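Novice:
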Amino acid sequence: MLLSMNWIEDFVDLSGLDKLDLIHKLSLSTAEVENEIFFKGSDISGVVVAEIMSVENHPESKKLHLLKVDAGDGKLTDVVCGAPNVRVGMKTAFAKVGATLGEIKIAPRPLAGFESFGMCCSEAEIGISDDHSGIMDLPAELVNGTDIKDVYAIEDIVFEIDNKSLTNRPDLWSHYGFAREFAALAGRELKPLDTEELTQYDSLRKIDMKIEDPLCQRYSCMQVENITRTVSPVNMRIRLFYCGMRGINFLADLTNYLMLEVGQPMHAFDSRKVEKIRIKRFDTPFTFCTLDGVERNIDENTLMICNDNTPVAIAGIMGGLDSEIVEDTTTLTLESATFDAVSIRKSTVRLAHRTDASMRYEKCLDPEMTTLAIGRFINLLKKYDGGAQVVSALTDEYAYKYDTVTLDFDKKFVDRYTGIEISNETIVKTLTDLGFKVTLEDDNFSVVVPSWRATKDVTIKADIIEEITRIYGYDNFDINTTRSPLYPVRAEAVKNNEDRIKDILVKKFNLHELHSYVWAYNDEMKALGIDVEENVKLANATNPNIETLRNSIVPTQLCQVKINTGYGADFGVFEVGRVIKGLKEDGLCNEQKMLAITLFSKTKDMKDLYLELRDIIAVVVSDLKHKTLSYKAVAPTHSYEHPVNLNTILIDGEEIGTIGILHPVVSRNIDKKANIVFAEISMSAFTDAQVAPIVYDEPSKFPSMTYDISVEIPAGVLYENLENCWANEGKGILKGTRIVDTYDTEEIHSITVRFEFSSGERTLSGAEIQEIMDKVIENLKAIGVTLRG
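My numbering applies: residue 472 is where the sequence shown begins, and numbers increase by one.
1) Whole angstroms is fine: what's the gap from ASN1195's alpha carbon to ILE1184's?
2) Which residue or residues does DSSP assign as beta-bridge partners of CYS760?
3) Whole angstroms is fine: what's the gap from LYS1073's alpha carbon to LEU1080's?
4) Under 8 Å between the Cβ atoms of VAL629 and LEU488?
5) In three-state DSSP terms, what is PRO1015?
6) Work out the CA separation of ILE719 and SER593 for me, nearest whole Å.
7) Distance, Cα to Cα, TYR728 vs ARG717?
8) For LEU609 and VAL1032, what's the separation of their Cα atoms in angstroms?
9) For a minimum of 3 consecutive residues, which ranges assigned as the beta strand (DSSP E) are wholly contained in the region 680–720?
10) Please report how far the alpha carbon of ALA828 lies from the alpha carbon of LEU762, in whole angstroms.
11) Which one or two residues does DSSP pair with LEU656 in a beta bridge?
12) Can you give me the C-alpha to C-alpha distance between ASP754 and THR670, rounded to a whole angstrom?
13) Quick one: what does DSSP say ALA1156 is sitting in, helix, strand or coil?
14) Of all the beta strand (DSSP E) runs that stay within the bounds of the region 495–576, which reach a length of 3 or more residues?
15) Keeping to the same chain, check which residues put their C-beta closer than 7 Å to that of ASN1022; ignore five residues upstream and five downstream.
16) Please report the distance separating the alpha-carbon of PRO838 from that of ILE682.
17) For LYS747, which residues from the same chain have a beta carbon less than 7 Å from its beta carbon, with the 5 sequence-adjacent residues on both sides left out?
18) Specify the secondary structure class of TYR1038 as computed by DSSP and reduced to three states.
19) Could you work out which residue in TYR1214, THR866, GLU963 is closest to LYS677 when comparing CA atoms only?
20) Roughly how many angstroms lie between the CA atoms of ALA542 and THR617, to the nearest whole one?
21) Check each candidate in LEU774, LYS620, PHE653 and name the one with the smallest Cα separation from VAL705.
22) With distance defined between alpha-carbon atoms, name the residue in ALA1106, ASN967, MET1154 nearest to GLY1128.
23) How far does the alpha helix (DSSP H) with TYR943 in it reach, from first residue to last?
24) Is GLY790 closer than 8 Å to HIS738 when the C-beta atoms are compared?
25) Between ILE508 and ILE494, is the Cβ-Cβ spacing less than 8 Å?
26) Determine the contact status of ILE632 and ALA812, defining contact as a CB-CB distance below 8 Å.
27) Give the single residue among VAL1182, SER636, PHE1228 whose Cα lies nearest to the Cα of ARG1259.
28) In chain order, what residues of the same chain have a beta carbon less than 6 Å from the beta carbon of THR910, not counting five sequence neighbours either side?
29) Using only the alpha-carbon positions, how far apart do ILE769 and ILE785 sit?
30) Do the CB positions of ASP1086 and ILE975 come within less than 8 Å of each other?
31) Is it buried or exposed, PRO641, if we count other Cβ atoms within 10 angstroms and call 16 or more buried?
32) May I ask you to report which of helix, strand or coil DSSP gives GLU1239?
33) For a quick check, are the C-beta atoms of ALA566 and HIS529 less than 8 Å apart?
34) Cutting at 6 Å between CB atoms, please list the residues of its own chain near LYS834, excluding the five before and the five after it.
35) Could you check the C-alpha separation between THR842 and SER691 for me, to the nearest Å?
36) Among the candidates ASP949, ASN951, ILE950, ARG924, whose CA atom is the shortest distance from the CA of GLU938?
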């Protein structure tokens, strides 16, 4: 949220104080201030009020005009201007030669054959709005040569508050709320708001209004007529623009201004469209067109503002198109209300539409603010549009009142919690400056919490300690070392296993870790040719592209692989993340944690890439489980899987995941020249992983030997069957096996297996190795596997 220091100083005198130091103190005591502070208008100089004395059309351009302007320096200045709204007698903002507009420095320059000695400026060029439709049209009574900064409040310090720190402080969603904080920090007095006394209109008729649903806590309204002003005062538009809002028209700007000033959202209806105001919900769903022209689906849980039975606004979120203020509107009905915060939050999620108003209603606004905001609105309305008249009494229904919160404690309680001694006078002044009512008798305090802090914020005595200490200044506390003993905390086994897997994949295999959300990206997946499978969906998705929760990490990885294909010819990615496998019996998501790995290569053939992935998985499983793997061919269940080349990964006959080649269509959509393989393993396979003891294994002094055999494997024989043929052979000297090559035709399937032999005690003989291999070959033949010549 953006805040204007000029606006804050309307309510507290901060003269003579270092504003940047105050902002720093605010960050330490109240809410986090973002790093960048904007010094608005500081880069504008040399811009003055000037009068256009003559206007001639450019002889060769239909858009340009030749002007003579009086900038109050006793001479007429020639200016070339392309604005469509120039006229004789018009007063405007004029940047003289030598003036600066941000990074632009004004100098004499030829334009379309004529010399121009300055520039007539639009609001956008001065930086006070985004309006560049024409040059500024200033009041005729302004004196030529007057610095524009003396006319309008262009210079300002604007800073941004991190909204997360305001979640439990509904009073801080306004400039007045922050003015109260600055007053307490600086020890200055907070000025009261100038408001209209509404009781003077009690004799007028009341509006026909009724709350028919408990989700509306309070509803206040008044009617005003004879509003003639359509354009907001410049200073009002400047403040709105500096705080991130675009000017619309006077009434819309005024309601937005009040929202930013006091934190109370307001809405103005065309009174012809709201003769009988009813606040209620409907039993049957329907569609409703909001002010932005969007048709929205309204269900039975959404609170509506109605003209009798006709909806005119979504309560707390946005008004309806049919009841907006239009050009011929002569009477408006002003709404100021509070609603159940949870209801508003749920409605914004259901509708996928969050507004500045709804963000404030979600924070449990103070119902006492509704009438104060109306009083302030009427005050400003009469100030800027003197002909406006109030034509109704305040109509106010207060359906739900928060209980008054009173907290009692003694001085010892404060001393014990703070660890220091803070005087009674300091405690009373601090709390009083923040709006609390304090009674002190013999070191006993009784504190009444103000309504704007009692809705969800200050509820227990410890909250009072926070108020005292943050204004006292956390940086004023002495730094002491911890006096209680500290004990090491044993890390969870599951977390240890994840870290070990990540270390292996990053340090040994140079893979890159990904972090992704748990939903499926519908559009990105469809672009790759991956079906978005039916799975658990978000009830109120804010974006239809992410409404489905994923049941596999692989598609998410493939979307990221697609993005990164231009950054390398060979790379691999992995993620330990969550997937949702439907719903459990209790209706909650069946959430599982998976390890997914994807390898991408433009230089390796598919066989080598697949075997590389098998080796990676084997190392991970060997490190954590100290077991070997087996594989079994299966039919695909996902559209990204190859129709033939897919295997389950097994440990002791139990399936732990899948490994396979990407479907050709999906692979081509990612990169036509690359090979891509993937694997996905359940992390539950590693729940009983044991930390391998560190054992020193002295390297053998004797040479190792390798022996390769190529075999043809008949259909139905698994690699696991082959492993059984040598599992009990070469005890002590057969150190390992691995596939080094494959060969496939329509008739045969052949692989080459490399056996590695080594002994720490002697040099192995060829005859010894051959004897072992003869037994292996004999075992292979017994299951129908033959040597390939």
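Idealized CB from N, CA, C, for every residue including glycine.
Bear in mind that the values here come from a model prediction, so they are computed numbers and not experimental data.
Specialist: With the given structure in hand:
1) CA-to-CA, the gap between ASN1195 and ILE1184 works out to about 14 Å.
2) Partner(s): GLU766.
3) One C-alpha to the other measures close to 10 Å.
4) Not a contact, by the Cβ cut-off of 8 Å.
5) In this structure, PRO1015 counts as helix in the three-state DSSP scheme.
6) Those two C-alpha atoms are separated by around 17 Å.
7) Cα to Cα, TYR728 sits roughly 11 Å from ARG717.
8) Straight-line Cα distance between these residues: approximately 57 Å.
9) Listed in chain order, the beta strand (DSSP E) elements of length 3 or more contained wholly in the region 680–720 are 687–696.
10) Rounded to the nearest whole angstrom, the C-alpha separation of ALA828 and LEU762 is 14 Å.
11) According to DSSP, which records beta bridges pairwise, LEU656 is partnered with nothing at all.
12) Between ASP754 and THR670, the C-alpha separation is close to 38 Å.
13) Residue state, collapsed to three classes: helix.
14) Fully enclosed beta strand (DSSP E) runs of 3 or longer: 504–511, 515–528, 536–541, 547–552, 562–572.
15) Cβ neighbours of ASN1022 beyond the five flanking positions: GLU1004, ASN1006, VAL1050, ILE1051, LYS1052.
16) Each residue's alpha carbon lies about 14 Å from the other.
17) For LYS747, where only same-chain residues beyond five positions count, the Cβ hits under 7 Å are ASP679, ASN778, ASP779.
18) The answer is helix: DSSP assigns TYR1038 an H, G or I state.
19) If we check each option's Cα against that of LYS677, THR866 comes out closest.
20) Rounded to whole angstroms, ALA542 to THR617 spans 8 Å at the Cα level.
21) The residue with the shortest Cα to Cα distance from VAL705 is LYS620.
22) Checking every option, the nearest Cα to that of GLY1128 belongs to MET1154.
23) Where TYR943 is concerned, the enclosing alpha helix (DSSP H) stretches over 932–943.
24) Contact annotation: HIS738 and GLY790 have beta-carbon atoms nearer than 8 Å.
25) Yes, they are a contact pair.
26) One thing to note: ILE632 has its Cβ no nearer than 8 Å to the Cβ of ALA812.
27) In terms of CA proximity to ARG1259, VAL1182 leads the group VAL1182, SER636, PHE1228.
28) Counting only Cβ-Cβ distances below 6 Å, and skipping sequence neighbours, we find SER917.
29) The straight-line gap from Cα to Cα measures roughly 9 Å.
30) Result no, Cβ atoms of ASP1086 and ILE975 do not sit closer than 8 Å.
31) A buried status is given to PRO641, since no fewer than 16 other beta-carbon atoms sit within 10 Å of its beta-carbon.
32) DSSP places GLU1239 in helix when its eight states are reduced to three.
33) No; because the gap between Cβ atoms is not below 8 Å, this pair is not in contact.
34) The residues are PRO641.
35) Their backbone Cα atoms lie some 7 Å apart in a straight line.
36) Closest option to GLU938, Cα to Cα, is ARG924.
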